[in-house]
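Position 68 of the first sequence, counting from 1, maps to 82 under the numbering used here, and the rest follow consecutively.
In this text, a Cβ means the ideal position worked out from N, Cα and C, and glycines have one as well.
For clarity, every value in this text was computed on a predicted model and none was experimentally measured.
Written out below as structure tokens is the structure these notes cover.
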Amino acid sequence: MTPADLKDAVRAAVIAVVNNGDLAVAVPEDVVVERPKVKDHGDYATNIALVLAKPAGKNPREVAQLVAARLEQAEGIDSVEIAGPGFLNIRLSGDALGQVARQVLASGAAYGTNDRAAGQNINLEFVSANPTGPIHIGGVRWAAMGDALARLLQASGAKVSREYYFNDHGAQIDRFARSLLAAAQGQPAPEDGYGGAYIAEIAQRVTEQVPDVLSQQDPQEVFRERGVALMFEEIKASLHDFGVDFDVYFHENALHESGAVERAIERLRGLGHMYEQDGALWLRTTEFGDDKDRVVIKSDGDPAYISGDLAYYLDKRERGFDRVVIMLGADHTGYVGRMMAMCAAFGDTPGVNLEILIGQLVNLLRDGEPLKMSKRAGTVITLEDLVEAIGVDAARYALVRSSADSQLDIDLDLWARKTSDNPVFYVQYAATRAASVLRNAADLGLTVDDDADLTLLTHPRENDLLLALAEFPSVVATAAELREPHRVARYLEEKVAKSAQRFWDDCQVLPKGDEPVADTTAPRLLLWKATRTVLENGLGLLGVTAPERM
RNA sequence: GCGCUCGUAGCUCAGUGGAUAGAGCAACCGCCUUCUAAGCGGUCGGUCGCAGGUUCGAGUCCUGCCGGGCGCGCCA
């Protein structure tokens with residue numbers, strides 16, 4: 015009996031009461047079944063009676079009694095109590111709960127997947143850091159969270175394309191090229207240019223590739239082209255080492271070279287949303303809620319930055335994506351209005367066809383002090399720095415375990431620690447304990463028996479753990495739907511790992527010394543295997559490994 | 001000034017309108033001759049920034065105010 019099964023049972027009970035003529039209401043499509051906070055309130059609770067009371071014109075406790083009487087008859091349900099204003103507190107029969115472990119094993123690596131987003135074709139763009147330098151800490155949050163979200167959406171049945179928008183067009187690239195040239199000539203960085211050791215390094219590599227670069231006719235062009243390519247490879251490589259690979263690396267330049275920008279502008283012109291003023295071409299975004307209209311082609315004839323966004327959005331839609339999701343840093347909050355207006359100008363629905371997720375900034379702390387970053391001083395903290403300090407698993411976990419809405423402080427000392435203070439180690443330790451029990455069992459010649467008698471799992475710790483495992487699919491679905499991967503991390507930590515550690519502490523599994531094999535050994539082994547499966551699957555969704563031993 | 005966002009325990013953070021607001025850390029007290037003590041149990045700790053409103057019910061939704069962050073260019 016999973017929560018989903020229980021929902022069906024509750025709904026069936028309501029239908030029965032309605033068909034019986036005792037209740038005159040429309041049966042809701044979805045009913046809420048949740049784990050009560052207080053243990054005395056049973057395994058699950060539903061507020062269905064409170065929801066139906068008003069439309070039914072009865073008081074909630076009356077409705078509760080009608081539904082409870084039916085629900086109590088359902089298979090797998092031990093008891094239903096009416097509590098408080100009209101909650102139904104439900105207790106499952108021991109066997110129904112134990113079945114969860116068997117279901118986990120039957121699904122294996124697929125346990126937790128769901129079809130809530132089936133049929134959606136999603137384009138997920140994230141990181142998209144400029145190719146003018148290494149990926150710094152701001153982009154890393156999205157690398158971890160975007161990749162986790164992609165995995166979650168896929169686990170919910172969506173088709174997902176991970177995409178990286180590579181801004182290799184425009185003035186910033188010129189500044190980058192000038193900076194490389196200056197470095198190669200042994201001159202200081204230009205006033206508006208980029209500094210730091212990586213500039214010198216890239217300049218050096220370009221010089222190695224083209225030894226006579228400085229005597230060529232247009233050396234800056236050589237530095238631009240080769241420098242961008244080298245930076246691009248470096249960014250791709252460090253993301254790959256971080257466990258993040260994209261399906262498409264889209265070059266902004268392509269939009270300008272292929273005529274896609276012009277086509278997008280023509281489309282909008284045809285829809286009547288473009289106008290000329292002061293020698294520039296404008297998009298009337300105010301018509302769609304933006305606070306000012308936006309210049310698309312500047313009066314000097316050059317395309318403004320937004321022109322690329324127009325063409326890029328249209329391109330994504332034409333490639334067949336019905337949902338375009340873009341993850342941006344807090345320094346891009348000002349974009350949202352114009353992007354949504356643009357989406358509407360194309361005749362699409364903002365919030366559905368286009369979603370923009372904004373993530374707040376990340377601070378790194380060492381010895382309780384924030385690490386200050388300065389591009390000028392070259393004290394930029396990069397993805398590699400973070401990985402070097404705490405490792406890929408800890409970095410990814412730290413970055414996804416908090417809501418993107420809140421600014422995040424990452425204490426490097428804490429996350430580098432190999433103790434239980436460090437949340438990722440806490441979860442991984444639970445996973446290794448599960449692995450170790452299974453390994454030790456195998457050494458004793460005990461295999462996991464799918465037919466183990468699960469009614470023997472009656473200990474409160476076993477009960478808690480089973481309830482935790484049963485929640486996994488709905489946690490995955492919710493996290494995907496709300497675009498909140500942190501829900502998975504919190505679930506693994508606070509529900510699964512916690513329950514598993516307690517289970518370990520109170521419920522011996524394997525015989526010690528000359529002890530005979532206990533009746534509980536087989537069902538407990540099965541429960542451990544199910545636990546290991548959920549931890550593996552859950553950590554996998556976050557891009558974090560589940561080690562066999564530590 | 002306008003817009004977005006955040007404000008929950010000493011600290012870092014959970015809590016998609018439900019019951020007595022949770023977890024980890026920190027502090028203090030316990031539990032290892034036996035499957036990993038890298039763990040477990042317990043104590044302490046809160047006017048959910050403030051004030052109104054909506055609701056049977058508000059940390060959650062609405063309004064105003066206070067405080068922090070970010071953004072408001074024919075830059076990209």
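Buried or exposed (CB count within 10 angstroms, at least 16 for buried), residue 313:
Burial call: exposed.
For residue 399, which of helix, strand or coil comes out of DSSP?
helix
Considering only the beta carbon of each residue, do residue 463 and residue 541 sit closer than 9 Å?
no
With respect to the alpha helix (DSSP H) encompassing residue 284, which residues constitute its N-terminal and C-terminal limits?
Per DSSP, residue 284 belongs to the alpha helix (DSSP H) from 274 to 284.
For residue 454, I'd like the list of residues in its chain whose CB is within less than 8 Å of its CB, leaving aside the five on either flank, ordered along the chain.
524
Under 9 Å between C-beta atoms of residue 136 and residue 143
no
Cβ-based burial, residue 229 [other Cβ within 10 Å; buried from 16]:
In the assembly as shown, residue 229 is an exposed residue. Its beta-carbon has fewer than 16 other beta-carbons within 10 Å.
How many Å lie between residue 190 and residue 278 at the Cα?
28 Å
Among the candidates 67, 424 and 114, whose CA atom is the shortest distance from the CA of residue 90?
114
Threshold first: 4 residues or longer. Then list the alpha helix (DSSP H) segments lying entirely within the region 472 to 502, N to C.
474 to 496
With a floor of 4 residues, list each alpha helix (DSSP H) that falls wholly inside the region 203 to 250, ordered by position along the chain.
211 to 223
What three-state label does DSSP hand residue 564 in the structure shown?
coil
Is the beta carbon of residue 501 closer than 9 Å to that of residue 371?
no
Selected residue, minimal CA-CA separation from residue 354, among 323, 211, 375 and 382:
323
How big is the Cα-Cα spacing for residue 448 and residue 545?
So the alpha carbons of these two residues sit roughly 7 Å apart.
Give the DSSP-derived three-state secondary structure of residue 103 in the structure shown.
strand
Taking DSSP as the reference, what is the three-state secondary structure of residue 550?
helix
For the 8 Å Cβ check, are there 3 or more pairs between the region 501 to 516 and the region 346 to 353?
no
I need the boundaries of the alpha helix (DSSP H) containing residue 193, first residue and last residue.
Annotation for residue 193: the continuous alpha helix (DSSP H) segment containing it runs 185 to 198.
Would the region 69 to 81 count as touching the region 426 to 435 if we require 3 or more Cβ pairs under 8 Å?
no
Counting only runs that start and end within the region 114 to 174, where is the alpha helix (DSSP H) found for 4 or more residues in a row?
151 to 169
What span of residues does the beta strand (DSSP E) with residue 93 cover, start to end?
91 to 97
Would residue 3 and residue 122 qualify as a contact pair, given that the criterion is a beta-carbon distance under 9 Å?
Look at the range of the chain in this structure, 15 to 564, and you will see that residue 3 is not part of it.
Near residue 294, which residues of its chain fall below 7 Å by C-beta distance, leaving aside the five closest residues on each side in sequence?
309, 311, 312 and 313
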